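What follows is a single structure, written as structure tokens, with notes after it.
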Amino acid sequence: MQGRRVVAVVGVATAVHAYSEFRYKIPNGFEVEGFSAVGHANKVGGGGQLSSFGNDFIDAGYKWTNALCAMDSDGDGATNGEELGDPCCKWNEIEDDYPLRSSQLSSPGHADTFSDAQLASIRCQASDEL
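Okay, so the sequence shown: first residue is 1 according to UniProt numbering, each after it adds one.
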């Protein structure tokens, strides 16, 4: 009986570690305040049901793609890239050196309410393209 508990604990620890690795695969994956599990319905603890963004991330092959960036997974009017600080969809996991917006971040899997002014402030600007 005691051996079974050890195996269960090791299995859970491995699963939690694996999911946290996905945070490296999206822009600002560790910076979305209040969300340690960006791809899950349970935004803090993770596990269980995925958010709409989590499902879209899987569909994109667990990669930050231009298509995933341009999507609005939660239907709140802001693209996934706009919510994660990559409004021009320039960030990539390998180089990870594109300057991202580090304020006004939100989870692309949990709908927010944005005013027109808020949406305008997080959109891709010509100056961001340089």
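Cβ atoms here follow ideal geometry from the backbone N, Cα and C, with glycine treated the same way. Owing to the predicted nature of the structure, the values given are computational and were not obtained by experimental measurement.
Measuring only the C-alpha atoms, how far is Asn28 from Ala120? As a first step, residue 28 must be located in the sequence shown, where it is residue number 28. As a first step, residue 120 must be located in the sequence shown, where it is residue number 120. Between Asn28 and Ala120, the C-alpha separation is close to 20 angstroms.
According to the neighbour-count rule (16 or more other Cβ atoms, all chains shown, within 10 Å of its Cβ), is Ala67 buried or exposed? As a position in the sequence shown, residue 67 is number 67, starting the count at 1. Exposed, by the Cβ-count rule.
Does chain D have any CB closer than 8 angstroms to the CB of Ala111? This model lacks chain D altogether; it includes just one protein chain.
Quick check on Leu100: does DSSP put it in helix, strand or coil? Along the sequence shown, read from residue 1 onward, the residue named residue 100 stands at position 100. It is coil, neither helix nor strand.
Inter-residue spacing [alpha-carbon to alpha-carbon] between Thr14 and Glu21: By one-based count along the sequence shown, residue 14 stands at place 14. By one-based count along the sequence shown, residue 21 stands at place 21. Below a pLDDT of 50, predicted positions are generally treated as unreliable, and Thr14, at 36, falls in that range; no measurement from the model is reported.
Residues sharing a beta bridge with Leu50, DSSP: Numbered from 1 along the sequence shown, position 50 holds the residue referred to as residue 50. According to DSSP, Leu50 bridges with His40.
Decide yes or no for the touch test of the region 33–43 against the region 92–101: beta carbon pairs closer than 8 angstroms, at least 3 of them. no
By a C-beta neighbour count over all protein chains shown, 10 Å radius and 16 as the cutoff for buried, is Gly61 buried or exposed? Within the sequence shown, numbered from 1, the residue matching residue 61 stands at position 61. So Gly61 counts as exposed.
Whose C-alpha, out of Gly75, Leu50, Cys89, is nearest the C-alpha of Trp64? As a first step, residue 64 is located in the sequence shown; it is residue number 64 there, counting from the start. Of the listed residues, the one whose Cα sits closest to Trp64 is Cys89.
8 angstroms contact criterion, which Glu83 and Leu105 should meet: CB distance rounded: Walking along the sequence shown from the start, residue 83 turns up at place 83. Walking along the sequence shown from the start, residue 105 turns up at place 105. With 8 angstroms as the limit, Glu83 and Leu105 qualify as a contact, their Cβ atoms being about 7 angstroms apart.
Does DSSP classify Tyr62 as helix, strand or coil? Position 62 of the sequence shown, counted from the first residue, corresponds to residue 62. Correct three-state label for Tyr62: coil.
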